[in-house]
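Below is one structure; the comments refer to it alone.
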Amino acid sequence: MSRPSNRYPIPAATWRVEEEIKRSRFITTVGAAPSVEAARALIAEVGAEFADAGHNCWAYVVGPPGSTGQIGMSDAGEPHGTAGRPMLTVLLHSGIGDICAVVTRYFGGTLLGKGGLVKAYSGGVQLALAGLPTLERVPKTDVTLLVDYSAVTLLKRLLPDYEAELLGEEYAADVTYRLRLPSEQLPGFDAAIGELTNGQALLEVTGQET
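To get my numbering, take the position in the sequence shown, counting from 1, and add 172.
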């Protein structure tokens with residue numbers, strides 16, 4: 173079953189794993205990156221936490237899984253192409269969007285070589301992703317809906333069909349509802365309301381996530 177393009181898994185929390193490879197200590201932190209600013213904030217936070225580490229290498233993908241429109245990576249002093257790029261490759265193939273990974277390394281005295289570094293940095297991200305809790309990103313739209321009292325009962329029955337959440341309601345000459353629903357459901361909901369009220373309802377978009 174195909175997933176709607178604007179719904180995809182994202183990190184539900186910041187997740188951390190640690191492993192030791194040839195006496196070097198690798199600490200991988202993975203978290204949500206709904207924007208480039210959020211990714212850079214996580215990178216800065218981890219960098220400050222492990223300021224004494226030899227390297228804090230990072231990569232991020234902002235947007236749907238596999239998208240390359242907003243990506244970033246850094247070897248942070250490791251040999252070129254041994255850290256950031258392998259980490260980014262794992263993220264791009266993870267099936268998870270809006271994600272940032274930082275791998276912190278405390279050198280243990282044994283050189284790993286380029287191949288060993290690539291394996292360690294990509295492996296750290298894979299290990300973190302294996303336990304990472306995720307949730308589904310669903311862009312939402314907020315609307316106000318003005319309807320006649322006669323439509324109230326049928327309208328409330330309709331809300332679950334369109335995953336609509338009732339934020340508030342006001343009763344005056346007519347009934348005003350404040351609702352939040354998945355953006356992709358809005359056209360169908362609008363059409364259903366029009367049919368239910370013979371076009372008499374007034375629906376206004378008040379806020380929208382992209």
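Virtual Cβ for every residue (Gly too), placed ideally from N, Cα, C.
Computed from a predicted model, the values in this text were never measured in an experiment.
Could you give the first and the last residue of the continuous alpha helix (DSSP H) run that contains residue i?
| i | result |
| --- | --- |
| I365 | 358–368 |
If residue i and residue j are in contact, beta carbons under 8 Å, what's the gap, nearest whole angstrom?
| i | j | result |
| --- | --- | --- |
| D247 | G256 | 5 Å |
| A231 | M259 | 4 Å |
| C272 | G203 | 6 Å |
| T276 | A323 | The Cβ separation is near 58 Å, so there is no contact. |
| T144 | D320 | Absent from the structure is residue 144, since the part of the chain shown begins at 173 and ends at 382. |
If we define contact as Cβ-Cβ less than 8 Å, is residue i a contact residue for chain C?
| i | result |
| --- | --- |
| P237 | Looking for chain C here will not work: only one protein chain is present. |
Over the uninterrupted beta strand (DSSP E) stretch that includes residue i, give me the two end residues.
| i | result |
| --- | --- |
| R352 | 347–354 |
| T378 | 374–380 |
Given a cut-off of 8 Å on the beta-carbon distance, is the pair residue i and residue j in contact?
| i | j | result |
| --- | --- | --- |
| T316 | E376 | yes |
| T306 | I365 | no |
| E308 | P181 | yes |
| T254 | K194 | no |
| query | Is it true that the region 256–267 meets the region 227–246, where meeting means three or more beta-carbon pairs spaced less than 8 Å apart? | reply | yes
| field | Length at least 4, wholly inside the region 234–275: the alpha helix (DSSP H) runs in chain order | value | Look at the region 234–275 and you find these whole runs of alpha helix (DSSP H), each 4 residues long or longer: 256–264.
| the region 347–357 in contact with the region 329–339 per 3-pair CB rule at 8 Å | yes
| query | Okay, do the region 291–301 and the region 183–190 touch, 3+ Cβ pairs below 8 Å being the bar? | reply | yes
| Every unbroken beta strand (DSSP E) within the region 276–315, with a cutoff of 3 residues, ordered by chain | 306–309
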